[in-house]
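Residue numbers for the sequence shown follow this note's numbering, beginning at 8 and rising by one. I have placed the structure first, in the form of structure tokens, so that the comments after it can refer back to it.
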Amino acid sequence: MERVNCDVSPLKGEMKEQLTAIAGAIEQSILALENENGCLLGTFDQIRSRFSQLETTAASFYLQCYLGPYTDKYTDLSMAVQNLSSRKQGALIVVEREDSLQSYLQAGIPIGAWMTHSLLESIFFPGSPLHDGAVVIRENHILSAANVLPLSHVSVGEQKLGTRHRAALGLSEQCDALIIVVSEETGKASFAMQGHMYPIITH
């Protein structure tokens, strides 16, 4: 299987360029502040837009780094998550890494198919008999669907987590798997790893 070297990823170069541009814009804002005729309001919008672009790049970069050593189908995975998010179709996707998942979940329906974004999306289509529960991915294959994960009892700030998010956190608290969750209420996507939840920019 092809392994991704994040040190040479083109996304890392893009992040450096975007950070440099943001630093330059901030420096120009400081200079403009010294000018009594200067106005920073338009500059704030530009900086905010650049930060948004940087966040998108960073999310793609780190997901690629985390998933690259364990599957070379992260492009299909990313595309599926983006499409599910845009349609507000709930999803729960577990990517197995070093730890075996056998003792951490209640096994669902065996699939044993080559992973593609279209197959992932069809599994989570509303009304599909497999759309409840989690899909488990090992390397480049979908092992199973409709798996039941352990639920976490923690909360993020004052926000009460839904079942999918609690399941993603719950499994990540017990093993090194990376779990991607898409909310059917908001369409927002996140991934859980080592007991923490991180947002994914999908637009």
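Here a beta-carbon is modelled for each residue, glycine too, at the ideal position from N, C-alpha and C. Since we're looking at a predicted model, the values are computed, not measured.
Own chain residues within Cβ distance below 8 Å of residue i, not counting five before or after
{"i": "CYS13", "result": "LYS19, PHE68, GLN71, CYS72, GLY75"}
{"i": "ILE33", "result": "ILE54"}
Beta-carbon gap between residue i and residue j smaller than 8 Å
{"i": "VAL101", "j": "TYR77", "result": "no"}
{"i": "GLN25", "j": "THR50", "result": "no"}
{"i": "ALA184", "j": "LEU108", "result": "yes"}
{"i": "ALA175", "j": "ILE116", "result": "no"}
{"i": "ILE187", "j": "VAL88", "result": "yes"}
{"i": "ASP83", "j": "HIS124", "result": "yes"}
{"i": "LEU211", "j": "ILE149", "result": "Here the chain comprises residues numbered 8 to 210, so residue 211 is not present and cannot be evaluated."}
{"i": "LYS80", "j": "ASN154", "result": "no"}
{"i": "GLY194", "j": "SER93", "result": "yes"}
{"i": "PRO133", "j": "GLN96", "result": "yes"}
{"i": "ILE37", "j": "ARG57", "result": "no"}
Same chain, Cβ closer than 6 Å to residue i, five either side skipped, listed in chain order
{"i": "ALA98", "result": "LEU91, PHE131, VAL189"}
Residue i to residue j span [Cα, whole Å]
{"i": "ASN42", "j": "LEU48", "result": "14 Å"}
{"i": "ARG171", "j": "ALA66", "result": "20 Å"}
{"i": "LEU168", "j": "MET86", "result": "25 Å"}
Chain-order list of residues whose beta-carbon lies under 7 Å from that of residue i (same chain, five-residue window excluded)
{"i": "ARG104", "result": "TYR77, ASP183, ALA184, LEU185"}
Contact with chain B by residue i, beta-carbon distance below 8 Å
{"i": "THR123", "result": "Structure shown: chain B not included; a single protein chain is present."}
In DSSP terms, what residue i is bridged to
{"i": "VAL88", "result": "None; VAL88 has no bridge partner."}
{"i": "GLN113", "result": "VAL155"}
task: Please list the segments of the beta strand (DSSP E) lying wholly inside the region 36-61, counting only runs of 3 or more residues, in order along the chain.
output: You should have found no qualifying run.
task: Would you list, in sequence order, the uninterrupted alpha helix (DSSP H) runs of no fewer than 4 residues that lie entirely inside the region 128-162?
output: Listed in chain order, there is nothing to give.
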